[in-house]
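In this note's numbering, the protein residues as written are 14 to 412.
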């Protein structure tokens with residue numbers, strides 16, 4: 014499809030959807046971002062929608078600056094997936110027992126573990142670096158010092174909202190019916206606490222006094238505030254990665270208990286709320302992806318739809334116009350409150366027919382109808398990624 018420039022911005026803002034279809038609030042945000050003096054350029058993904066400060070589905074390249082709100086509060090949120098040797102024929106007709114076993118093994122919602130995870134007791138989990146990782150907690154912002162126990166107990170937990178664990182079947186091709194495991198989660202409460210503290214600090218800095226949106230406040234390179242944010246940011250991104258690794262290893266263990274013959278390929282993992290140091294046209298920039306994945310040439314990524322529509326494994330095309338990025342999912346087309354007003358539990362049951370999942374009022378805000386059409390989103394970014402596999406969930410665990 015290619016991009017369309019968004020008119021009326023200082024820095025180039027390239028849009029991978031119909032600019033006139035973007036909700037007015039989100040379009041205003043994008044213009045505010047494009048007006049910032051530190052911004053080199055912005056790439057807008059087809060799943061774009063309004064967010065706090067920066068738009069969800071935006072990729073922002075800044076010179077010598079970074080906006081913590083352009084990362085979001087769930088630092089390091091992202092996806093992990095692994096293809097198994099199982100096929101649909103190996104699965105029982107009734108998948109309720111498998112779903113219950115997953116929920117019994119991995120805490121969801123606000124739940125945390127009674128005791129922290131011991132990596133040595135989890136088969137298939139990377140063992141390197143855990144002591145150093147937790148040793149760096151003492152160097153984080155002093156205002157989160159009392160949260161270490163909670164952070165340790167939340168490693169290997171899913172959270173709520175749009176986070177999920179799924180068992181999926183590959184659709185079409187030579188591997189039709191192959192079973193995949195997939196999950197979506199981030200840095201839990203500790204990432205949120207760190208993000209909110211740094212966003213508050215940024216708002217109070219003098220160079221941010223006249224911004225069109227105070228939530229777009231930035232840290233500048235070479236300052237103590239930037240150094241502190243980068244330290245906490247990169248730690249939280251690692252927390253999110255390790256959190257998903259623990260859950261994926263535990264999920265593989267649950268499936269192994271039910272199907273001892275199972276084998277696993279190499280896992281795929283990608284952040285979609287994070288910061289990366291990159292270079293384009295000879296300019297070094299800090300790239301914030303808020304609701305977007307890196308899609309460099311050959312990079313494998315995961316783009317989920319909603320809890321009833323399926324997901325895609327993709328390979329990046331390395332498009333520099335998009336700062337080598339792609340969408341992080343379907344993207345919401347209505348708020349959670351609007352979804353609850355619009356849909357009923359009967360609607361949820363109908364839209365998730367054939368999926369073993371919760372179908373109660375507590376997850377109506379996650380109904381497929383509240384999200385954009387994932388097939389349209391994929392069609393709008395054919396120059397950003399190629400599809401490796403199309404998956405459809407048969408089990409979905411929600412927080």
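In this text, a Cβ means the ideal position worked out from N, Cα and C, and glycines have one as well.
In the DSSP assignment, residue 350 falls within the alpha helix (DSSP H) that extends over 349–355. In this chain, residue 286 is not harboured by any alpha helix (DSSP H); it is covered by the beta strand (DSSP E) spanning 286–293. Note that the C-beta distance between residue 275 and residue 99 is below 7 Å.
If you ignore the 5 residues before and after residue 353, its C-beta comes within less than 6 Å of the C-beta of 377 and 378, all in its own chain and listed in chain order. Segment contact: the stretch 172–186 against the stretch 110–130, three or more CB-CB distances shorter than 8 Å; contact assigned. Contact between residue 310 and residue 329 holds: their C-beta atoms lie close to 6 Å from each other, under 8 Å.
Fewer than three beta-carbon pairs drawn from the stretch 140–157 and the stretch 296–305 are found closer than 8 Å, and the two stretches are therefore not classed as touching.
Three or more beta-carbon pairs drawn from the stretch 325–345 and the stretch 388–405 are found closer than 8 Å, and the two stretches are therefore classed as touching. Per DSSP, the beta bridge partners of residue 232 are 79. Between the alpha carbons of residue 130 and residue 165 lies a distance of about 7 Å.
Comparing alpha carbon positions, the residue from 318, 191, 230 and 198 closest to residue 209 is 230.
For residue 74, the CB contacts under 6 Å within the same chain, skipping 5 residues up- and downstream, are 53, 54, 298, 300 and 336 in chain order. In this chain, the alpha helix (DSSP H) harbouring residue 162 covers 161–167. Contact between residue 287 and residue 89 is confirmed by a C-beta separation of about 6 Å, below the 8 Å threshold. Considering only 57, 49, 48 and 44, the residue with the shortest C-alpha distance to residue 31 is 57.
The Cβ atoms of residue 362 and residue 372 sit closer than 7 Å to each other. Residue environment: residue 406 is assigned as buried (16 or more neighbouring CB atoms within 10 Å of its CB, all protein chains considered). Under DSSP, the beta-bridge partners assigned to residue 300 are 74 and 289. Between residue 157 and residue 207 a beta carbon distance of about 6 Å is seen, short of the 8 Å cut, so the two are scored as contacting. Excluding its 5 nearest sequence neighbours in each direction, residue 21 has C-beta neighbours in its own chain below 7 Å: 44, listed in chain order. Going by beta carbons, residue 319 and residue 384 fall inside the 7 Å limit. Straight-line spacing of the CA atoms in residue 39 and residue 83 works out to 13 Å. Inter-residue distance for residue 127 and residue 160 is about 15 Å (C-alpha atoms, whole angstroms). Residue environment analysis places residue 325 among the buried positions, since at least 16 neighbouring C-beta atoms fall within 10 angstroms of its C-beta. DSSP places residue 341 in no beta strand (DSSP E); its state is neither H nor E. Closest in C-alpha terms to residue 50, from the list 233, 248, 368 and 308, comes 233.
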